[in-house]
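Here the numbering used here is used: position 252 in the sequence shown is 252, and no number is missing along the way. Idealized CB from N, CA, C, for every residue including glycine. This report refers to the structure that appears directly beneath it.
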Amino acid sequence: MDAVLKLRSLFVRLKFRIWRVYKLFDEIEFASAVKLLLYMRLLILGIKKESENLIRVKVNSVSLQIPQNKVAIRIFWSTFVFKYHLPLNPGSEPQLILDFGSNIGLTCFDYSLRFPKAKIIGYEIDLKNFEFARKLNQNNPQVSILHLGVSDKSEWMYYDSSVDSDAYSLIEDKFIDERSVKVRVESVSEIFASFDKIDLVKVDIEGTELSILRSLNPIHVEHVKEIVIEIHKKFELEEIRSILERLGFHVENHEEHWSALRAIKLL
Numbered sequence: 001m002d003a004v005l006k007l008r009s010l011f012v013r014l015k016f017r018i019w020r021v022y023k024l025f026d027e028i029e030f031a032s033a034v035k036l037l038l039y040m041r042l043l044i045l046g047i048k049k050e051s052e053n054l055i056r057v058k059v060n061s062v063s064l065q066i067p068q069n070k071v072a073i074r075i076f077w078s079t080f081v082f083k084y085h086l087p088l089n090p091g092s093e094p095q096l097i098l099d100f101g102s103n104i105g106l107t108c109f110d111y112s113l114r115f116p117k118a119k120i121i122g123y124e125i126d127l128k129n130f131e132f133a134r135k136l137n138q139n140n141p142q143v144s145i146l147h148l149g150v151s152d153k154s155e156w157m158y159y160d161s162s163v164d165s166d167a168y169s170l171i172e173d174k175f176i177d178e179r180s181v182k183v184r185v186e187s188v189s190e191i192f193a194s195f196d197k198i199d200l201v202k203v204d205i206e207g208t209e210l211s212i213l214r215s216l217n218p219i220h221v222e223h224v225k226e227i228v229i230e231i232h233k234k235f236e237l238e239e240i241r242s243i244l245e246r247l248g249f250h251v252e253n254h255e256e257h258w259s260a261l262r263a264i265k266l267l
């Protein structure tokens, strides 16, 4: 029996790896995928140093450049291989997409390729990430990147600049030190109120998801069709699910991400 279980486990792992390889070359040019795999391995082993140099890659026949560091390559993988940011219905045609936590702008870039009729607005708290995201999307007229954070209220706040650039999150005053950077944030309710209809909201704001959702009531989101949210504190997942359901959404676990939820408005 143990041998059968081991063989079954081996088969499942093998099938999963084959699936990952298939996904890897689904949209990314083969040479680009190999290049990124090699760069990541060299960076992890310390053979190659992280730098601001750019790596040119190709996705769906479109060339783009990303920084030569582990964070940028990790974000690229999340965006173009695992596609955590996509709506529940792949055949949908959103007209307005809000990207809370745009980082270096790859999700906005991908949205512009997939949904050429959509207006896409990205929100990013870090100035360096914001500038890179804006440059990356400068030839996409439907994309706007704002140097602005999203919170439960509109004010000036701080974030810790010493962490990895894909982990910047807003912090309380008592944690402010020389590594803290001041940034303007806008309340999620005010942002939502600025639009008549919002087709998709992607939320990846490094741990402040719960606070912004707690600040909402059903009237704030009555015109929001779908939310894709990454949750950074596992113990908050069920409360976030409960809040989204109370706000009138049908909520599903993301099939490829243990800590992501997809919420679509019930008719």
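For Asp99, the CB contacts under 6 Å within the same chain, skipping 5 residues up- and downstream, are Thr107, Cys108, Gly122, Lys202 in chain order. When beta bridges are read from the DSSP output, Arg184 appears opposite Trp156.
The way I'd put it, the region 91–105 does touch the region 124–142; three or more beta-carbon pairs between them come closer than 8 Å. The three-state secondary structure of Tyr39, taken from DSSP, is helix. Going by DSSP, Ser92 is part of no alpha helix (DSSP H) at all; its letter is neither H nor E. Spanning the alpha carbons of His250 and Ile243 requires a straight line of approximately 11 Å. DSSP, read as helix, strand or coil, puts Glu124 in strand. Look at Ile145 here: in three-state DSSP terms it is strand. Taking 4 residues as the shortest admissible run, the region 49–111 contains the following complete alpha helix (DSSP H) segments, listed from N- to C-terminal end: 70–77.
If you draw a straight line from the Cα of His147 to the Cα of Glu186, it comes to about 11 Å. The beta-bridge partner set that DSSP reports for Ala263 consists of Ile227, Val251. Counted as a single uninterrupted DSSP element, the stretch harbouring Leu200 is not any alpha helix (DSSP H) but the beta strand (DSSP E) occupying residues 200–203. Between Glu226 and Gly248, the gap from beta carbon to beta carbon reaches 9 Å or more. Only exposed fits Asn53, as fewer than 16 other CB atoms lie within 10 angstroms of its CB.
About 12 Å separates the beta carbon of Ile229 from that of Leu88, a gap too long to meet the 8 Å contact definition.
Taking the Cα positions, Asn217 is about 8 Å away from Arg246.
The DSSP-derived three-state label of Ile47 is coil.
Taking C-beta atoms as the reference points, Ser51 and Val57 fail to come closer than 9 Å. Residue state for Ser211 is assigned as helix, using DSSP reduced to three classes.
As computed with DSSP, Ile28 is found in a beta bridge with Val59.
In the same chain as Leu42, and ignoring 5 residues on each side of it, the C-beta atoms closer than 7 Å to its own belong to Lys48, in chain order.
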